[in-house]
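Data block below; observations after.
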Amino acid sequence: MAKSKSAYSVPGKIGKIERHIIVVWVDNEAGVLARIAGLFSGRGYNIESLAVAEVDKKKHISRITIVTEGTPQVIEQINLQLKKLVPVHKVADFKRGEKDILFRELALFKILGNSKKIEKVKKICKKFNPVILDKTNKSVVIQVTALRADIDKLALDLKSLGLISTSRTGAVAMTKGPKIFN
Amino acid sequence: MPNLLSGAEIVFKALEDQKVEYIFGYPGGAVLPIYDELKNHKSIKHILARHEQGAGHSAEGYARSSGKPGVLLVTSGPGATNAVTALTDAYMDSVPLVCISGQVPTHLIGTDAFQECDTTGITRPCTKHNWLVKNVNDLSRVLHLAFEVATTGRPGPVLVDIPKDIQFKKGKYKFFKNTLKKKLNGKVTRKISNSELDKFIELIKKSSKPIFYTGGGVINSGPEASKYLRELVSLTGFPITSTLQGLGAYPGDDPQFLGMLGMHGTYEANNAMHDCDLMINIGARFDDRITGKVDEFSPGSKKIHVDIDPSSIGKNIKVDLAIVSDVTDLLKSLIKRFKEKNKNFASSNKQKTSKWWEQIAKWRDKKSLNFINSNKVIKPQHAVQRLYELTKNQDTFITTEVGQHQMWAAQHYKFNKPNRWMTSGGLGTMGYGLPAAIGVQIANPEKLVIDIAGEASVLMTMQEMSTAVQYRLPIKIFILNNEYMGMVRQWQELLHEKNYSESYTAALPDFVKLAESYGCVGIRAKTPNELDEKIKEMINIDKPVIFDCVVDKAENCFPMIPSGKPHNQMILGPEEEEEISDEGKILV
Numbered sequence: 753m754a755k756s757k758s759a760y761s762v763p764g765k766i767g768k769i770e771r772h773i774i775v776v777w778v779d780n781e782a783g784v785l786a787r788i789a790g791l792f793s794g795r796g797y798n799i800e801s802l803a804v805a806e807v808d809k810k811k812h813i814s815r816i817t818i819v820t821e822g823t824p825q826v827i828e829q830i831n832l833q834l835k836k837l838v839p840v841h842k843v844a845d846f847k848r849g850e851k852d853i854l855f856r857e858l859a860l861f862k863i864l865g866n867s868k869k870i871e872k873v874k875k876i877c878k879k880f881n882p883v884i885l886d887k888t889n890k891s892v893v894i895q896v897t898a899l900r901a902d903i904d905k906l907a908l909d910l911k912s913l914g915l916i917s918t919s920r921t922g923a924v925a926m927t928k929g930p931k932i933f934n
Numbered sequence: 141m142p143n144l145l146s147g148a149e150i151v152f153k154a155l156e157d158q159k160v161e162y163i164f165g166y167p168g169g170a171v172l173p174i175y176d177e178l179k180n181h182k183s184i185k186h187i188l189a190r191h192e193q194g195a196g197h198s199a200e201g202y203a204r205s206s207g208k209p210g211v212l213l214v215t216s217g218p219g220a221t222n223a224v225t226a227l228t229d230a231y232m233d234s235v236p237l238v239c240i241s242g243q244v245p246t247h248l249i250g251t252d253a254f255q256e257c258d259t260t261g262i263t264r265p266c267t268k269h270n271w272l273v274k275n276v277n278d279l280s281r282v283l284h285l286a287f288e289v290a291t292t293g294r295p296g297p298v299l300v301d302i303p304k305d306i307q308f309k310k311g312k313y314k315f316f317k318n319t320l321k322k323k324l325n326g327k328v329t330r331k332i333s334n335s336e337l338d339k340f341i342e343l344i345k346k347s348s349k350p351i352f353y354t355g356g357g358v359i360n361s362g363p364e365a366s367k368y369l370r371e372l373v374s375l376t377g378f379p380i381t382s383t384l385q386g387l388g389a390y391p392g393d394d395p396q397f398l399g400m401l402g403m404h405g406t407y408e409a410n411n412a413m414h415d416c417d418l419m420i421n422i423g424a425r426f427d428d429r430i431t432g433k434v435d436e437f438s439p440g441s442k443k444i445h446v447d448i449d450p451s452s453i454g455k456n457i458k459v460d461l462a463i464v465s466d467v468t469d470l471l472k473s474l475i476k477r478f479k480e481k482n483k484n485f486a487s488s489n490k491q492k493t494s495k496w497w498e499q500i501a502k503w504r505d506k507k508s509l510n511f512i513n514s515n516k517v518i519k520p521q522h523a524v525q526r527l528y529e530l531t532k533n534q535d536t537f538i539t540t541e542v543g544q545h546q547m548w549a550a551q552h553y554k555f556n557k558p559n560r561w562m563t564s565g566g567l568g569t570m571g572y573g574l575p576a577a578i579g580v581q582i583a584n585p586e587k588l589v590i591d592i593a594g595e596a597s598v599l600m601t602m603q604e605m606s607t608a609v610q611y612r613l614p615i616k617i618f619i620l621n622n623e624y625m626g627m628v629r630q631w632q633e634l635l636h637e638k639n640y641s642e643s644y645t646a647a648l649p650d651f652v653k654l655a656e657s658y659g660c661v662g663i664r665a666k667t668p669n670e671l672d673e674k675i676k677e678m679i680n681i682d683k684p685v686i687f688d689c690v691v692d693k694a695e696n697c698f699p700m701i702p703s704g705k706p707h708n709q710m711i712l713g714p715e716e717e718e719e720i721s722d723e724g725k726i727l728v
């Protein structure tokens with residue numbers, strides 16, 4: 753924050769928009785998600801995707817992963833405002849593209865078609881850890897895990913192969929190596 | 141088997157352990173068990189408001205003038221929604237409030253029951269935190285945590301929603317202390333490092349055009365902060381300006397004080413902010429009424445920002461040195477460190493800042509708060525000046541409503557002590573001053589409490605006069621009556637080609653008769669000649685008074701920074717009014 757040259761606030765629109773992944777550890781109590789979501793909507797921040805689940809059954813801690821976009825000032829405000837919330841324990845913030853962070857999204861695709869088509873589908877999905885969850889002679893439900901952009905592309909490619917339903921999660925994140933978020 | 145208490149008993153036990161003396165409230169179906177329990181707790185007095193918003197502002201006035209949290213008790217549904225304005229006001233101005241609301245019984249929640257509303261949902265964005273208590277055994281922990289959240293870090297309102305069946309249910313009580321797992325907003329946890337202090341001192345020593353810019357954080361930090369601030373300002377010999385909320389932290393009549401800054405601040409304060417080479421912000425938040433056009437805000441200065449709330453720093457204005465701290469803690473260690481090596485700084489540094497002070501003297505010569513007085517009609521500024529002169533020798537507490545009168549009060553009433561000035565700054569709530577005065581008078585029973593009001597604002601919560609009369613609170617409602625929503629009218633004159641759309645109030649009540657019907661005293665002053673006598677009469681009445689001060693209807697509040705303009709382009713008076721650009725109009 754303490755830049756050497758004294759500056760003054762640049763108009764928000766001119767600031768460079770960055771995509772960040774913000775991980776928040778919260779007490780898993782009633783209304784906690786509304787508090788987080790309300791903070792974003794109330795202050796005009798953007799949520800691109802959101803993934804929440806309890807990760808510590810004993811202490812009732814949930815881990816929320818939020819993908820958001822904003823200028824560096826907005827991202828800083830998001831971090832500081834999140835830290836002020838009473839049920840929030842800690843907040844970690846990563847720029848999209850940082851090297852030592854892993855991101856994954858999961859998607860389920862339902863595809864209609866004969867076995868020939870389905871073979872084609874499997875081939876297209878090969879790179880993204882496909883798992884066949886359900887199969888009939890007319891349809892298949894296939895699970896893939898990948899990055900957001902890959903899933904976007906996959907969904908597009910599968911359209912002509914009989915994709916009729918898509919269900920996706922938000923991104924989850926984890927650091928590489930022995931380090932953990934702090 | 142430990143002693144089990146009902147939820148209602150637990151509420152009072154917790155209030156007693158928090159040393160609460162007054163609660164402001166209004167009963168209703170969903171809080172009746174708590175009201176039923178009131179009789180058994182003689183150390184807690186309930187002040188019955190006439191509207192939950194009034195109760196909320198009274199609790200705010202109590203909190204701001206006493207330094208203790210205000211406690212508010214309301215029923216479910218409309219009781220809670222009526223309290224929302226006061227909660228939001230307290231949130232914006234960092235006032236510690238604990239609001240306890242009744243809720244429909246747990247089995248009816250979500251069924252659209254009678255007087256049900258989603259209270260925690262509605263108040264989530266206007267409280268620091270809120271709780272819906274669904275288990276009576278959580279109640280004492282939640283209540284004590286509520287007090288802790290409200291009063292630590294940057295203070296603010298909290299709400300505890302208690303369903304009616306929980307108020308009846310028996311449960312365990314325990315006094316929880318310091319239950320917050322983390323200290324909110326960094327208070328206490330962070331020790332200020334010497335390197336930060338040295339950097340601070342270095343900037344002070346390098347500066348030849350410095351200014352202190354102080355705000356409500358100094359007041360919120362407690363009376364000690366004001367003491368230290370005065371010491372630091374005198375140690376450095378630097379000029380100081382204050383935000384609306386910070387008035388009183390530094391004596392208003394001191395020669396180093398440049399007056400309030402901002403949209404209706406003085407010419408010298410705003411120009412000094414614009415031209416300075418070092419800005420020392422202590423407990424202020426670079427609000428848009430202060431900065432004006434952000435791009436052109438004090439372009440040549442290094443900026444230091446001391447704030448207890450990390451999210452206030454860098455939100456609107458980038459700074460060079462950011463210190464997250466309570467003001468008292470920071471000032472105490474800064475002064476100590478500063479004194480170690482800079483014994484006679486103010487005198488040895490005089491040379492360095494002499495040109496700066498000369499420049500400030502030139503700005504001061506503009507006498508930007510001057511106005512053309514009249515001997516026929518009372519000028520509102522004159523009325524505030526007379527009120528100040530006639531009350532300055534006693535410890536006087538001033539509240540205000542919102543609008544022109546508020547700005548005139550801030551400009552012309554000079555405060556010497558903290559916690560003497562209660563005004564709605566962040567939210568700008570018309571109707572704040574009268575109920576706030578009630579709370580102030582309760583916290584300060586023997587003191588003179590005056591609400592400098594506008595006739596439009598005060599009508600919004602006028603019903604609270606009945607509360608003042610019931611509890612024999614001799615508050616003085618000093619109405620600068622110009623029959624207009626003055627600030628709205630002023631903007632319409634300057635920005636909307638004098639199209640005074642809906643800003644004139646026809647059919648105003650006769651305030652003297654209104655006072656009488658409430659059982660208090662009404663006084664009217666119509667001419668400058670009678671003003672002093674009437675003000676003295678008001679001060680000497682040991683009863684609530686409504687003072688109808690009939691003032692010039694067309695007076696505008698100057699100086700002002702037109703919206704969209706930087707600090708060094710103020711309009712000083714009517715002769716300088718100019719067309720404001722379309723861009724500026726949007727920024728209002």
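First to last, the sequence lines map onto chains A and B.
The first sequence maps to residues 753 to 934 in this note's numbering.
The second sequence maps to residues 141 to 728 in this note's numbering.
Glycine included, C-beta positions come from ideal geometry on N, C-alpha and C.
Counting along the chain, the unbroken alpha helix (DSSP H) around Y528 (chain B) starts and ends at 520-531. The C-beta of V524 (chain B) has 16 or more other C-beta atoms within 10 Å across all chains shown, which makes the residue buried. With a threshold of 7 angstroms between beta carbons, R264 (chain B) makes contact with chain A.
For V661 (chain B), the uninterrupted beta strand (DSSP E) run begins and ends at 661-665, by DSSP.
Apart from the 5 residues on each side of it in sequence, G147 (chain B) sits with its Cβ closer than 6 angstroms to the Cβ of V276, L279, I306, Q307, K309 in its chain, given in chain order. Listed by position along chain B, the residues whose Cβ is nearer than 7 angstroms to that of R787 (chain A) are R264.
Between G790 (chain A) and chain B, the shortest Cβ-Cβ separation is below 7 angstroms. Less than 7 angstroms divides the Cβ of L384 (chain B) from the Cβ of A550 (chain B). According to the DSSP assignment, G579 (chain B) belongs to the alpha helix (DSSP H) that extends over 573-583. Against chain A, the CB of P297 (chain B) has no partner CB under 7 angstroms away; the residue lies outside that interface. The beta-carbon distance between S366 (chain B) and P558 (chain B), rounded to whole angstroms, is 5 angstroms. This is short enough to meet the 8 angstroms contact definition.
The segment 407-461 of chain B is shown to contain whole alpha helix (DSSP H) runs of 4 or more residues at 407-415, 428-431, in chain order.
For S451 (chain B), the chain A residues whose C-beta falls within less than 9 angstroms of its own C-beta are E828, Q829, N831, L832, Q833, K835, K836, listed in chain order. Under DSSP, the beta-bridge partners assigned to M926 (chain A) are A:L854. For C877 (chain A), the uninterrupted alpha helix (DSSP H) segment begins and ends at 867-877. Straight-line measurement puts the Cα of I518 (chain B) at about 27 angstroms from the Cα of K587 (chain B). When Cβ-Cβ separations below 7 angstroms define contact, G822 (chain A) makes no contact with chain B. Going by C-alpha positions, V446 (chain B) is about 28 angstroms away from K317 (chain B). The criterion of a C-beta distance shorter than 7 angstroms is satisfied by G922 (chain A) and A803 (chain A). When the five nearest sequence neighbours on each side are left out, the beta carbons in the same chain lying within less than 8 angstroms of the beta carbon of V652 (chain B) are those of G662, I663, R664, I686, D688, in order along the chain.
Look at C266 (chain B) here: in three-state DSSP terms it is helix. Exclusion of the five residues before and after F880 (chain A) leaves V896, T897, A898, D902, L906 as the residues of its chain whose Cβ lies within less than 7 angstroms of its Cβ. Contact annotation: A596 (chain B) and M627 (chain B) have beta-carbon atoms that are not nearer than 7 angstroms. Judged by DSSP in its simplified three-state form, Y231 (chain B) adopts helix.
Residue-level contact check: G796 (chain A) does not touch chain B, since none of the beta carbons of chain B fall below 7 angstroms from its beta carbon. The Cβ atoms of G392 (chain B) and F555 (chain B) sit closer than 7 angstroms to each other.
In the assembly as shown, Y611 (chain B) is an exposed residue. Its beta-carbon has fewer than 16 other beta-carbons within 10 Å. Excluding its 5 nearest sequence neighbours in each direction, N798 (chain A) has C-beta neighbours in its own chain below 8 angstroms: F792, T820, E821, G822, listed in chain order. E673 (chain B) counts as exposed, since fewer than 16 other beta carbons sit within 10 angstroms of its beta carbon. Here V598 (chain B) really is in contact with L574 (chain B); their C-beta atoms are around 6 angstroms apart, less than 8 angstroms. Considering only B:Y313, B:I590, B:T536, the residue with the shortest C-alpha distance to H284 (chain B) is B:Y313. By the Cβ rule, the segment 633-640 of chain B does not count as touching the segment 601-611 of chain B, because fewer than three pairs are nearer than 8 angstroms.
Annotation: K312 (chain B) has no Cβ neighbours in chain A at a cutoff of 8 angstroms; minimum Cβ distance is about 20 angstroms. The shortest CA-to-CA distance from R787 (chain A) to any of B:T263, B:E161, B:E371, B:Q158 is the one to B:T263.
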